[in-house]
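*Asks:* Quick one: the structure is below, questions incoming.
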Amino acid sequence: MTQINGITDFLQQAGTQFKVFDMGRRIEEIPHAEFLSFEQGETPYPLALQQQAWMGILVWTDEDKNQQNNELVIWFIRFPLDATGKLTSGIRDDFVLRLINKNNEPVDENNPYGFKPKQEHMAYFHAKAAQLLGQPASSYYEHARDYFTGKPGYDQWAFVGFQGIADIATRLDEDDNTEMLAKAILELPPQPFEALAQCLEHQKIDDRLSQSIITVLQQELDKTDCDANFLSLCIRALSHSQNQSQLTDQINKVLITETGTHPEILASISGRCWLALQNEKTIALFLQALSQCAEGQEFFNLVIVDLINIPGMQESIFKAVKSPERSENLSKSIGELFKTFT
Numbered sequence: 008m009t010q011i012n013g014i015t016d017f018l019q020q021a022g023t024q025f026k027v028f029d030m031g032r033r034i035e036e037i038p039h040a041e042f043l044s045f046e047q048g049e050t051p052y053p054l055a056l057q058q059q060a061w062m063g064i065l066v067w068t069d070e071d072k073n074q075q076n077n078e079l080v081i082w083f084i085r086f087p088l089d090a091t092g093k094l095t096s097g098i099r100d101d102f103v104l105r106l107i108n109k110n111n112e113p114v115d116e117n118n119p120y121g122f123k124p125k126q127e128h129m130a131y132f133h134a135k136a137a138q139l140l141g142q143p144a145s146s147y148y149e150h151a152r153d154y155f156t157g158k159p160g161y162d163q164w165a166f167v168g169f170q171g172i173a174d175i176a177t178r179l180d181e182d183d184n185t186e187m188l189a190k191a192i193l194e195l196p197p198q199p200f201e202a203l204a205q206c207l208e209h210q211k212i213d214d215r216l217s218q219s220i221i222t223v224l225q226q227e228l229d230k231t232d233c234d235a236n237f238l239s240l241c242i243r244a245l246s247h248s249q250n251q252s253q254l255t256d257q258i259n260k261v262l263i264t265e266t267g268t269h270p271e272i273l274a275s276i277s278g279r280c281w282l283a284l285q286n287e288k289t290i291a292l293f294l295q296a297l298s299q300c301a302e303g304q305e306f307f308n309l310v311i312v313d314l315i316n317i318p319g320m321q322e323s324i325f326k327a328v329k330s331p332e333r334s335e336n337l338s339k340s341i342g343e344l345f346k347t348f349t
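Number 349 marks the last residue of the sequence shown (the numbering used here); no jumps.
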């Protein structure tokens, strides 16, 4: 039997093509070279979440790609990471051995490394896969487009399929979808806006679309009783904006408010907008808000430990926690955090 050295080698020997996506922080493609380096234990997982690597692997052959209605082969897998954020060869080899013994059957929840994503993540992943493979959007696409044009009225959202919304989000450069959404966002009720935000958080969006999200975010902030959950959705929708300075500015505006200490907002920032936290002002505001969060010390510890495990985040966090300008409340939270490391 030919020796198989890892997942990439296994798939190549099987004569298939594949793409790897992060499924934890954002549904985003991981370049082949980056994945290979990770699975060989050379580099940390780039987007660790809860000290695990959450991935979706799309597998196909050229014959599959040409079949417009083929059933996509997708593995949803999660690997525990070591203290340095890397994958151990033992876990990788165990996973490959299970694939070999199962004759390349789909990975599911019964596999110790398998998991089932949330329904909205599944919908977006399938939409993205179809778009990447040059396949048509789902049958829900046109109905969703009809809704976002406003023709039936924006209150007629109940029968819009989430899959159709995901299809639109993955095809922003088709059918004037960006312009359509930029106008619709200003009029949408909370429920369809939530569904759209859950898709846009995975997709790069331009200034036109970003500005519409910023407008509704500012409108919410100006209310005396602003909704923290709605603000968190705005942050998530804006998180992959091509203009990251705009995102950072909006995060700062939210964090200086009392609502900025809400756990949903803090989780959205740490989970989706970690790059913004490399900004010195933003990380300082974030840590202060985190120390004031009603969820307490345990939540503070979980968020900080999770961020530290993202490559490139350690320096920003350590610099901020050592700042002589930190508040007494933040100093206390940091002290309690350090106790867990001793």
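Positions of the beta carbon are idealized from the N, C-alpha and C atoms, including for glycine. As the structure is a computational prediction, the values presented were derived from the model and not from experiment.
Rounding to the nearest angstrom, what Cα-Cα distance links Ile272 and Phe200 in this structure?
*Replies:* C-alpha separation (whole angstroms): 16 Å.
*Asks:* Can a CB atom of chain D be found closer than 9 Å to the CB of Asn250?
*Replies:* Given the protein chain composition of this structure (a single chain), no chain D is represented.
*Asks:* Nearest-angstrom Cα distance between Met350 and Asp180?
*Replies:* Residue 350 cannot be examined here, being either before or after the span of the chain that is shown, 8 to 349.
*Asks:* I'd like the list of long-range same chain contacts for Glu335, defined as Cβ closer than 8 Å, with 5 residues on each side in sequence excluded.
*Replies:* If we look at Glu335 and ignore the five residues flanking it on each side, it has no Cβ neighbours.
*Asks:* Please report the residue range of the beta strand (DSSP E) in which Ala283 lies.
*Replies:* It is not in any beta strand (DSSP E) - Ala283 carries neither H nor E in the DSSP assignment.
*Asks:* Going straight from the alpha carbon of Gly31 to that of Gln58, what length do you get?
*Replies:* Spanning the two alpha carbons is a distance of roughly 11 Å.
*Asks:* Strictly by DSSP, which residues pair up with Met62?
*Replies:* Per DSSP, Asp29, Ile84.
*Asks:* Quick check on Gln253: does DSSP put it in helix, strand or coil?
*Replies:* Of the three classes helix, strand and coil, the one that applies to Gln253 here is helix, per DSSP.
*Asks:* So Ile37 is in the beta strand (DSSP E); what residue range does that whole segment cover?
*Replies:* Element bounds for Ile37: 35 to 37.
*Asks:* Write down the C-beta distance between Phe132 and Gly22 rounded to the nearest angstrom, noting that I regard them as a contact closer than 8 Å.
*Replies:* Not a contact, Cβ separation roughly 23 Å.
*Asks:* In chain order, what residues of the same chain lie with their CB nearer than 7 Å to the CB of Val223, ignoring the 5 residues before and after it?
*Replies:* Closer than 7 Å at Cβ, skipping near neighbours: Ile192, Leu193, Cys241.
*Asks:* Using a 10 Å radius around the Cβ and a threshold of 16 neighbouring Cβ atoms, would you call Met8 buried or exposed?
*Replies:* In this prediction, Met8 scores a pLDDT of 49, lower than 50, which makes its location untrustworthy; no coordinate-derived value is stated.
*Asks:* Anyone know if the C-beta pair for Gly13 and Val80 falls short of 9 Å?
*Replies:* No, the pair does not count as a contact, with Cβ atoms beyond the cut-off.
*Asks:* Using DSSP bridges, identify the partner residues of Gln24.
*Replies:* Gln24 is bridged to Trp67.
*Asks:* With respect to 8 Å, is the separation between the Cβ of Thr347 and the closest non-hydrogen atom of the ligand PLP below this value?
*Replies:* In terms of ligand content, the structure shown is empty, and the ligand PLP therefore cannot be addressed.
*Asks:* DSSP state of Ala202, grouped into three classes?
*Replies:* Correct three-state label for Ala202: helix.
*Asks:* Leaving out the 5 sequence neighbours to the left and right, which residues in its chain are closer than 7 Å to Ala327 when beta-carbon positions are compared?
*Replies:* Excluding residues within five positions, the ones whose Cβ falls inside 7 Å are Ile290, Ala291, Leu294.
*Asks:* Work out the CA separation of Met129 and Trp67 for me, nearest whole Å.
*Replies:* Computed Cα separation, rounded: 18 Å.
*Asks:* Is Ile221 near Thr185, with beta carbons less than 9 Å apart?
*Replies:* Not in contact: Ile221 and Thr185 (Cβ atoms no closer than 9 Å).
*Asks:* Given a cut-off of 9 Å, decide if Cys233 and Leu254 are closer than it, judged by their beta-carbon atoms.
*Replies:* Taking 9 Å as the Cβ cut-off, Leu254 and Cys233 do not qualify as a contacting pair.
*Asks:* Does the Cβ of Asn236 have 16 or more other Cβ atoms within 10 Å, making it buried, or fewer, making it exposed?
*Replies:* Asn236 should be labelled exposed.
*Asks:* To the nearest angstrom, how far is the alpha carbon of Ser340 from that of Ser277?
*Replies:* Whole-angstrom Cα-Cα distance: 17 Å.
*Asks:* Based on the DSSP output, what are the partners of Gly121 in its beta bridges?
*Replies:* DSSP output for Gly121 lists Ile84 as bridge partner(s).
*Asks:* Assuming contact is defined by CB atoms lying nearer than 9 Å, are Thr231 and Cys206 in contact in what I supplied?
*Replies:* Contact: no.
*Asks:* Between Pro143 and Lys135, what straight-line distance do the alpha-carbon atoms span, to the nearest angstrom?
*Replies:* Taking the straight line joining both Cα atoms gives about 11 Å.
*Asks:* Short of 8 Å in beta carbon distance, which residues of its chain neighbour Gln249, apart from the five on each side in sequence? Order them along the chain.
*Replies:* Correct list, in chain order: Lys211, Ile212, Asp213, Asp214, Ser217.
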